[in-house]
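Here the protein sequences come in this chain order: A and B. Okay, so the first sequence: first residue is 1 according to this note's numbering, each after it adds one. Okay, so the second sequence: first residue is 1001 according to this note's numbering, each after it adds one. Quick reminder that beta carbons are idealized off the backbone N, C-alpha and C, glycines included. Here the structure comes first, spelled out in structure tokens, and everything after it is commentary.
2 protein chains.
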Amino acid sequence: MARTGRPRAFDKDQALERALLLFWSRGYGATSVQDLVDALTLERGSLYGAFGDKRQFYLAAVQLYWDTYERQLATALEAGPVLPALREVLANPARAQEYASDVGVPQGCMIGNTTAELVPQDAEAREIVARSHARFTQIVADALRRAQASGEVTQAATPEAQAQLLLFTVQGLSLVSRAGLDTAAALAAVDALIDALRA
Amino acid sequence: MARTGRPRAFDKDQALERALLLFWSRGYGATSVQDLVDALTLERGSLYGAFGDKRQFYLAAVQLYWDTYERQLATALEAGPVLPALREVLANPARAQEYASDVGVPQGCMIGNTTAELVPQDAEAREIVARSHARFTQIVADALRRAQASGEVTQAATPEAQAQLLLFTVQGLSLVSRAGLDTAAALAAVDALIDALRA
DNA sequence: CGGCCTTTTGTGCAGGCAGTCAAAAAGTCG
DNA sequence: CGACTTTTTGACTGCCTGCACAAAAGGCCG
């Protein structure tokens, strides 16, 4: 409504993106407001004014993370054969570990990190996470349904069960990769799963 | 060496077990030393005297958790058909969620929780976690090798790749279950995986 | 130009945190 | 009984946290 007043001196979206990287790489608890203030080049009060408190800020970052991920997922699965695309979805976190030797580089899936750190104590975080899981399985199940119909994917299980299994796998893979991973072994496991889905 | 001095007034093992439950249900960061002091019915100084600082205490609890889990895993897989045992290994976390409506009840796999919360910043935690992963895959791969030889499990993939896939799945399942889970859907996914392993 | 509205800036604050320490207590051994 | 060793006890400390606030500053509109 009110459009007057001193203009914001920083780009809110860009600040959220940078905060996302910080939260992603360090987690919620290990990222202090001071860290954010330093990294975003703004003052404490500005941050609170623009984003509310730390928790809201984090949840907004998670939401941004998921929205971005969901868009990529949907795009990857919307055309062409499904299994190669799913293979990529799984192989990505398996390979990401190679870049992650530096501290400060994001690790794992931020939804998974949030699940582990915030969900037990934060109902709103649980909602965001649960919704993300539901969206993931829905998008993947839709793709698998098409692929079953076209004869690409086995009908030994329902698309929903297969999608749920893929959710578990991608979440587990992202998590395990944080502890260091033999990339070749991880890719072999991914291949084993993809092969098992083949009709 | 020196065996004299005032005797310890509490059972160290029992204190560690109780601490394990606290750390397991709340995580590292959300469990304060004060919480531990309250729950273990001992004084601050005694805790520090017996276990060192909070981090060492947590790592000791994680180690206890893993040792217990590994023993159960090895026992479950040492005799009889492998696939039903593996099914149970996976189905357990899927069902555990039903009991976990209460706050204070442990949730998820503590190795997974540690991976998410401590591993990025703690080399010693990473070692414990990585060792646990290696032990898991080794035990499971050994069982799968026997099962492949006996014709119970498909030889479409190596036992190592299958074991790695099972690690991902159980870790992902434990994690995802924290956000609430449709038990039936999770079990359907588990069945889909077990069926895919069948020869 | 001057009132208005909003953001910025930087300090200030209460609370909770992990960890410390000195004195008292409880055993053991000579 | 009294020296010695270890644990217990509970108060204490310094730090860092998230967050609030008052004053200044910047841009728009009449």
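Cα-Cα, which of B:1196, B:1006 and B:1060 is closest to residue 1154 of chain B?
Walking along the second sequence from the start, residue 1154 of chain B turns up at place 154. Selected option, being the one with the closest Cα: B:1196.
Please decide whether residue 175 of chain A counts as near chain B, where near means a Cβ-Cβ distance under 7 Å.
Within the first sequence, residue 175 of chain A is the residue found at index 175, counting from 1. Yes, contact with chain B.
Of all Cβ atoms in chain B, is any one closer than 7 Å to the Cβ of residue 88 of chain A?
Counted from its first residue, the first sequence places residue 88 of chain A at position 88. It does not: the Cβ of residue 88 of chain A has no partner Cβ on chain B nearer than 7 Å.
Under 7 Å between C-beta atoms, does residue 193 of chain A make it to chain B?
The residue labelled residue 193 of chain A in the question sits at position 193 within the first sequence. The beta-carbon of residue 193 of chain A is placed less than 7 Å from the nearest beta-carbon of chain B.
Which chain A residues sit within Cβ distance under 9 Å of residue 1158 of chain B?
Taking the second sequence and counting its residues from 1, one reaches residue 1158 of chain B at position 158. Per Cβ cutoff of 9 Å: 188 and 192.
Closer than 7 Å, Cβ to Cβ, to anything on chain A: give me those residues from the segment 1028-1045 of chain B, in chain order.
Within the segment 1028-1045 of chain B, the qualifying residues are 1029 and 1030.
Of the residues B:1131, B:1162, B:1014 and B:1108, which one's Cα is nearest the Cα of residue 1143 of chain B?
On the second sequence, residue 1143 of chain B is found 143 positions in, with the first residue counted as 1. The candidate whose alpha carbon is nearest that of residue 1143 of chain B is B:1162.
Please state whether DSSP places residue 1153 of chain B in a helix, a strand or coil.
Within the second sequence, the letter at position 153 stands for residue 1153 of chain B. In the structure shown, residue 1153 of chain B sits in a strand (DSSP, three-state: E or B).
Smallest Cα separation from residue 1148 of chain B: which of B:1199, B:1111 and B:1018?
Residue 1148 of chain B sits at position 148 when you count from the first residue of the second sequence. The shortest Cα separation from residue 1148 of chain B among B:1199, B:1111 and B:1018 belongs to B:1199.
Okay, do the segment 109-121 of chain A and the segment 1109-1117 of chain B touch, 3+ Cβ pairs below 8 Å being the bar?
yes
Rounded to whole angstroms, what is the Cα-Cα separation between residue 1036 of chain B and residue 108 of chain A?
Translated into the one-based positions of the second sequence, residue 1036 of chain B becomes position 36. Translated into the one-based positions of the first sequence, residue 108 of chain A becomes position 108. Residue 1036 of chain B and residue 108 of chain A have their alpha carbons spaced roughly 30 Å apart.
Measure the alpha-carbon distance for residue 24 of chain A versus residue 106 of chain A and round it to whole angstroms.
For the purposes of this step, residue 24 of chain A is taken as the residue at position 24 of the first sequence. For the purposes of this step, residue 106 of chain A is taken as the residue at position 106 of the first sequence. Per the coordinates, the alpha-carbon of residue 24 of chain A lies some 5 Å from the alpha-carbon of residue 106 of chain A.
Is the closest heavy atom of the ligand NAD to the C-beta of residue 1077 of chain B under 6 Å?
Questions concerning the ligand NAD fall outside what the structure shown contains, since it holds no ligand whatsoever.
How many Å lie between residue 33 of chain A and residue 1066 of chain B at the Cα?
In the first sequence, the residue the question calls residue 33 of chain A occupies position 33. In the second sequence, the residue the question calls residue 1066 of chain B occupies position 66. In a straight line, the C-alpha of residue 33 of chain A is about 34 Å away from that of residue 1066 of chain B.
Tell me residue 198 of chain A's beta-bridge partners as DSSP assigns them.
The sequence position of residue 198 of chain A within the first sequence is 198, counting from 1. The partner list for residue 198 of chain A (beta bridge, DSSP) reads A:153.
Mind listing the chain A neighbours of residue 1026 of chain B? Cutoff is C-beta to C-beta under 9 Å, in chain order.
Counting from one through the second sequence, the residue named residue 1026 of chain B turns up at place 26. Ordered by position in chain A, the residues that pass the 9 Å Cβ test against residue 1026 of chain B are 120 and 121.
Could you please tell me which residues of the segment 140-169 of chain A, in chain order, have their CB closer than 9 Å to any CB of chain B?
Within the segment 140-169 of chain A, the residues whose Cβ lies closer than 9 Å to some Cβ of chain B are 154, 156, 157, 158, 160, 161, 162, 163, 164, 165, 166, 167, 168 and 169, listed in chain order.
Decide if residue 132 of chain A is buried, meaning its Cβ has at least 16 other Cβ atoms within 10 Å, or exposed.
Here the question's residue 132 of chain A lines up with position 132 in the first sequence. Buried is the call here.
Between which two residues does the alpha helix (DSSP H) containing residue 1068 of chain B stretch?
Taking the first residue of the second sequence as 1, we reach residue 1068 of chain B at position 68. Here the alpha helix (DSSP H) through residue 1068 of chain B covers 1054-1078.
How would you label residue 1068 of chain B, buried or exposed, when you count the other beta carbons within 10 angstroms and need 16 or more for buried?
Position 68 of the second sequence, counted from the first residue, corresponds to residue 1068 of chain B. That one is exposed.
For residue 1164 of chain B, count neighbouring C-beta atoms within 10 Å of its own C-beta (all shown protein chains included) and say buried if the count is 16 or more, exposed if not.
For this step, residue 1164 of chain B is matched to residue 164 along the second sequence. With 16 or more Cβ atoms within 10 Å of its Cβ, residue 1164 of chain B is classed as buried.
Within 10 angstroms of its Cβ, does residue 172 of chain A collect 16 or more other Cβ (buried), or is it exposed?
Working through the first sequence from its first residue, we reach residue 172 of chain A at position 172. Its Cβ being crowded by 16 or more others within 10 Å, residue 172 of chain A is buried.
Can you give the Cα-Cα distance for residue 157 of chain A and residue 1062 of chain B, rounded to whole angstroms?
The residue labelled residue 157 of chain A in the question sits at position 157 within the first sequence. The residue labelled residue 1062 of chain B in the question sits at position 62 within the second sequence. When rounded, the distance between both Cα atoms is 36 Å.
Would residue 180 of chain A pass as a contact of residue 1130 of chain B if the rule is Cβ separation under 7 Å?
Walking along the first sequence from the start, residue 180 of chain A turns up at place 180. Walking along the second sequence from the start, residue 1130 of chain B turns up at place 130. Yes, the Cβ-Cβ distance between residue 180 of chain A and residue 1130 of chain B is below 7 Å.
From the DSSP output, in three-state form, read off residue 4 of chain A for me.
Within the first sequence, numbered from 1, the residue matching residue 4 of chain A stands at position 4. Here residue 4 of chain A sits in coil by DSSP.
Do you know how far the Cα of residue 141 of chain A is from the Cα of residue 1187 of chain B?
Taking the first residue of the second sequence as 1, we reach residue 1187 of chain B at position 187. Taking the first residue of the first sequence as 1, we reach residue 141 of chain A at position 141. Taking the CA atoms as reference points, residue 1187 of chain B sits about 16 Å from residue 141 of chain A.
Just the C-alpha distance for residue 1011 of chain B and residue 1124 of chain B, rounded to the nearest angstrom, thanks.
Here residue 1011 of chain B refers to the residue found at position 11 when the second sequence is read from its first residue. Here residue 1124 of chain B refers to the residue found at position 124 when the second sequence is read from its first residue. Approximately 26 Å, taken between the alpha carbons.
Jot down the residue ranges of each uninterrupted alpha helix (DSSP H) in the segment 116-153 of chain A, minimum 4 residues, whole runs only, in chain order.
Counting only runs of at least 4 residues, the segment 116-153 of chain A fully encloses the following alpha helix (DSSP H) elements, listed from N- to C-terminal order: 123-149.
In angstroms, rounded to a whole number, what distance separates the CA positions of residue 1095 of chain B and residue 1190 of chain B?
As a working mapping, residue 1095 of chain B is identified with position 95 in the second sequence. As a working mapping, residue 1190 of chain B is identified with position 190 in the second sequence. Computed Cα separation, rounded: 11 Å.
Under 7 Å, Cβ to Cβ, is there at least one residue of chain B near residue 171 of chain A?
In the first sequence, residue 171 of chain A corresponds to position 171, counting from 1. Yes, because at least one Cβ of chain B sits closer than 7 Å to the Cβ of residue 171 of chain A.
Tell me the rounded alpha-carbon separation between residue 1084 of chain B and residue 1004 of chain B.
For the purposes of this step, residue 1084 of chain B is taken as the residue at position 84 of the second sequence. For the purposes of this step, residue 1004 of chain B is taken as the residue at position 4 of the second sequence. Those two C-alpha atoms are separated by around 52 Å.
Would you report the Cα separation of residue 182 of chain A and residue 166 of chain A, rounded to the nearest angstrom?
As a working mapping, residue 182 of chain A is identified with position 182 in the first sequence. As a working mapping, residue 166 of chain A is identified with position 166 in the first sequence. Looking at the backbone, the Cα of residue 182 of chain A and that of residue 166 of chain A are separated by about 20 Å.
Exposed or buried, residue 52 of chain A, counting other C-beta atoms within 10 Å across all chains shown (16 or more means buried)?
As a working mapping, residue 52 of chain A is identified with position 52 in the first sequence. Under this definition residue 52 of chain A is an exposed residue.
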